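Novice:
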Amino acid sequence: MNSTSFLVKGGSIYTMDPRQPWAQCLVVRGNEIVYVGPEAGSGPMTDNATNVIDLDGGLCLPGFIDAHDHYANLAMTKVGVDITGLTDPDVIVARIRKYSLDHPEKPFIQGFGWANATFDGGSPTRALLDQAVNDRPCVILSWHGHDGWFNTAAMRAAELTPGSPDPDPGVQYYPRDHEGWPTGHAVEPEAMIPILAAIGAVSYEGLRDAQRLTIDAAPSWGVTSYMEAGVILGPNEYAEFVYQDLVDRDNAGTIPLRIVGTVWSREASDDPAAVVATLKDWNHRIRSEHVKISALKVWADGTFMSGGALLLEPLTDDPTQMDRGTMTFTKEQIERQTELAQLAGFDMHVHVDGDGSVRAVLDAFETVRSKIGNEGCRHTICHNTLVHPDDVRRFAELGVIANCTPIWGTDYEGHQYDVYERRLGPARMEERLYPYGDLVRSGAVVTYGADLPGSQIHEIAPLMQIEAALTRKRPGHRDDRALVERQRVDLHDALRSYTINGAFQLRLDDEVGSLEVGKRADLTVWSQNLFDVDPSDIHTVPLVLTMMDGRLTYDARSDTTVDD
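Under the working numbering, the first residue of the sequence shown is numbered -1, with each subsequent residue one higher.
#1: Let me make sure I understand the geometry here. Which of Y171, N132, T212, C136 has the alpha-carbon closest to that of A459?
#2: Where does H386 sit, in a helix, a strand or coil, going by DSSP?
#3: Residues bridged to C375 by DSSP?
#4: Give me the Cα-Cα distance between V273 and A342, rounded to the nearest whole angstrom.
#5: Return helix, strand or coil for P317, following the three-state DSSP convention.
#6: Buried or exposed for K295, going by 16 or more other Cβ atoms inside 10 Å?
#7: Helix, strand or coil, according to DSSP, for W179 in the structure here?
#8: Runs of 4 residues minimum, wholly inside the segment 426 to 471: which ones carry the alpha helix (DSSP H) assignment?
#9: How many Å lie between T336 and A362 at the Cα?
#10: Taking the CB atoms as reference points, tell me whether Y172 and A189 lie closer together than 7 Å.
#11: State the beta-bridge partners of R93 as determined by DSSP.
#12: Determine the extent of the beta strand (DSSP E) in which Q108 is found, giving its start and end residues.
#13: Of all the alpha helix (DSSP H) runs that stay within the bounds of the segment 463 to 550, which reach a length of 4 or more residues?
#14: Just how far apart, CA to CA, sit G119 and H381?
#15: Which of the three DSSP states, helix, strand or coil, is assigned to A199?
#16: Closest to P167 by C-alpha separation, out of S556, F327, L59, would be which residue?
#17: I believe T497 touches M14 by the beta-carbon criterion, under 8 Å. Please report the beta-carbon distance rounded to the nearest angstrom.
#18: What's the C-alpha gap between G9 and L489?
#19: Could you check what DSSP says for D562 in three-state terms: helix, strand or coil?
#20: Name the residue from S98, F239, R206, A266 whose alpha carbon lies nearest to the alpha carbon of P165.
#21: Relative to the C-alpha of K329, which candidate in R322, D316, T365, E483 has its C-alpha closest?
#22: If you draw a straight line from the C-alpha of E177 to the C-alpha of T159, how long is it?
#23: Pairs of beta-carbons, one from the segment 402 to 411 and one from the segment 346 to 359, closer than 8 Å: are there three or more?
#24: Count the other CB atoms within 10 Å of the CB of T551; is the residue buried (16 or more) or exposed (fewer)?
#25: What are the start and end residues of the beta strand (DSSP E) that includes V25?
#26: Thinking C-alpha only, which one of N372, D67, T75, L513 is nearest I191?
#27: Under the DSSP definition of a beta bridge, which residues are partnered with P270?
#28: So, using beta-carbon positions, are A227 and N71 closer together than 7 Å?
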């Protein structure tokens, strides 16, 4: 169906427009919404050629906006042997060995899904992985994608020796034995990427295969816009061709969603002025109708589970009670990055995992505000795994957006509840862990993003994340223990986070995020009204169709993703 006009009626339309939250009818002409209101008033906007979309009692919503993800390449981290949820090292080795024996044709073995807490000291070894695969390189990524586990053959392929430098000592590095040899654990991507490249796991063909699983599949989840929170292939210059390829695809009409990209900074040695200069250049030069690069992504820390994030207090299971982790950048460095980005007209998008890191970044934002103000800024702190209550209120006070991944706020993988309880203790867990409900109730602007590879590919679907936000349980697992049950949110707030709030963060709110006259026609149709569905069943509600810019990009009535 490729008509230039559509009439949507026959069910409920939830607009996300506070002036008119609900409507009976909506009319699209070209790529624009031209009418929203009672069905009786739609006549002048339609004619005999108008295509009718009958909601059949279902629900029409704005298109979903994934405000933090890595569709451009990180589906490459979800290939090979899946060890997600396994916690016994012997069982893990057996699973990898079987996969290797079943695939003798592969020049290397790749996989994903391990958790730091499975291994002594949170660090797997190549000696253990050699028991599974010793005839060719093998790299297994952690469930969150920040760390890699490699065997001896992979170490040799990457030519790692005792003399090989760590990319960023103490932050992105290789744990080593007493002779200086890497033990088999790459902490953070800058340590991991050279190994993946050396074994042949990074290629243009792999990139396109990855995008077929994400960018091309996005309409089937109801996603019409997303933030590319970092094309992680190495230094920024490696990402330039990826963005240019996306622009070329958009110009050819084969990109089914809007993309807001980032230039990123990950190492303390990065020159903030040079990074912002790259952002200015790419923002001007690499763009198309639906693709632009307009934010500075900064990894302020890594993950607290691997010691790469700053905590306000040591972990409960730390025998020394002295280690509070670390940050990639100092507060002063983040201040400099923020000031330069802000003066150039760009927003910050900062990865933060530890509660100490959250405080440091908020302090940096506050310092910059006191120096040059922050009117019009839409800086974002993403992940917010641990946030002290004193800092929760500061998001709204400072105008800082909180980006969250709801499915992490569950007993993720079926064992994270126990890990958090052991490592944080029940009191800190209850007070600070994934405080997504507290952030909403504080008045902060909250947005959602699935953050592949921290979520599985099928968990990118917004209804999966929304159900997790409402229940604090894994979708499809009614008997799970709710992880900090008081952090649940209601459906209205979850939908806001995935629509108009996401549009606000991406500076697309004058175009999309709500169903209003004059905005672009980005919308979804669901077979049931989500407000009438048990929260534990929301992830099962079928998507009927997705429209982006006035064209159908997914239509279940013809069981297809629509290509022009």
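Think of the CB as a built atom: it goes at the ideal place given N, C-alpha and C, for glycine as much as any other residue.
Note that this is a predicted model, so its numbers are computed, not measured.
Specialist: With the given structure in hand:
#1: Working through the sequence shown from its first residue, we reach residue 459 at position 461. That would be T212, whose Cα lies nearest to the Cα of A459.
#2: Position 388 of the sequence shown, counting from 1, holds the residue named residue 386. Note: H386 maps to coil in three-state DSSP.
#3: Within the sequence shown, numbered from 1, the residue matching residue 375 stands at position 377. According to DSSP, residue pairing for C375 in a beta bridge does not occur.
#4: As a position in the sequence shown, residue 273 is number 275, starting the count at 1. As a position in the sequence shown, residue 342 is number 344, starting the count at 1. Cα to Cα, the separation comes out at about 11 Å.
#5: Mapped onto the sequence shown, residue 317 falls at position 319. The answer is coil: DSSP assigns P317 none of H, G, I, E or B.
#6: Numbered from 1 along the sequence shown, position 297 holds the residue referred to as residue 295. Result: buried.
#7: Locating residue 179 in the sequence shown gives position 181, where the first residue counts as 1. DSSP places W179 in coil when its eight states are reduced to three.
#8: 434 to 439, 460 to 469
#9: Sequence index remark: in the sequence shown, residue 336 carries index 338 (1-based). Sequence index remark: in the sequence shown, residue 362 carries index 364 (1-based). If I take the Cα positions, the gap works out to 8 Å.
#10: For the purposes of this step, residue 172 is taken as residue 174 along the sequence shown, with counting starting at 1. For the purposes of this step, residue 189 is taken as residue 191 along the sequence shown, with counting starting at 1. It is a contact, given that the beta carbons lie within the stated cut-off.
#11: Numbered from its first residue, the sequence shown carries residue 93 at position 95. Its beta-bridge partners do not exist; DSSP assigns none.
#12: Residue 108 sits at position 110 when you count from the first residue of the sequence shown. Unbroken beta strand (DSSP E) run through Q108: 107 to 112.
#13: 489 to 496, 498 to 503
#14: On the sequence shown, residue 119 is found 121 positions in, with the first residue counted as 1. On the sequence shown, residue 381 is found 383 positions in, with the first residue counted as 1. Roughly 24 Å between the two C-alpha positions.
#15: As a working note, residue 199 is residue 201 in the sequence shown. In the structure shown, A199 sits in coil (DSSP, three-state: anything other than H, G, I, E or B).
#16: Taking the first residue of the sequence shown as position 1, residue 167 is located at position 169. It is F327.
#17: If you number the sequence shown from 1, residue 497 lands on position 499. If you number the sequence shown from 1, residue 14 lands on position 16. With 8 Å as the limit, T497 and M14 qualify as a contact, their Cβ atoms being about 5 Å apart.
#18: Here residue 9 refers to the residue found at position 11 of the sequence shown. Here residue 489 refers to the residue found at position 491 of the sequence shown. Approximately 18 Å between the Cα atoms of the pair.
#19: Numbered from 1 along the sequence shown, position 564 holds the residue referred to as residue 562. Bear in mind that a pLDDT of 48 at D562, under 50, signals an unreliable position, so the number given afterwards is only what the model happens to contain. The answer is coil: DSSP assigns D562 none of H, G, I, E or B.
#20: Indexing the sequence shown from 1 puts residue 165 at position 167. The option with the nearest alpha carbon to P165 is A266.
#21: Position 331 of the sequence shown, counted from the first residue, corresponds to residue 329. Selected option, being the one with the closest Cα: T365.
#22: As a working note, residue 177 is residue 179 in the sequence shown. As a working note, residue 159 is residue 161 in the sequence shown. Each residue's CA atom was taken as its position, placing E177 and T159 some 10 Å apart.
#23: no
#24: As a first step, residue 551 is located in the sequence shown; it is residue number 553 there, counting from the start. Note on T551: 16 or more other CB atoms within 10 angstroms of its CB, so buried under the neighbour-count rule.
#25: In the sequence shown, the residue the question calls residue 25 occupies position 27. Looking at the DSSP string, the run of the beta strand (DSSP E) that includes V25 is 23 to 27.
#26: Counted from its first residue, the sequence shown places residue 191 at position 193. Of the listed residues, the one whose Cα sits closest to I191 is T75.
#27: As a first step, residue 270 is located in the sequence shown; it is residue number 272 there, counting from the start. Per DSSP, none; premise fails for P270.
#28: Your numbering for residue 227 matches position 229 in the sequence shown. Your numbering for residue 71 matches position 73 in the sequence shown. Taking 7 Å as the Cβ cut-off, A227 and N71 do not qualify as a contacting pair.
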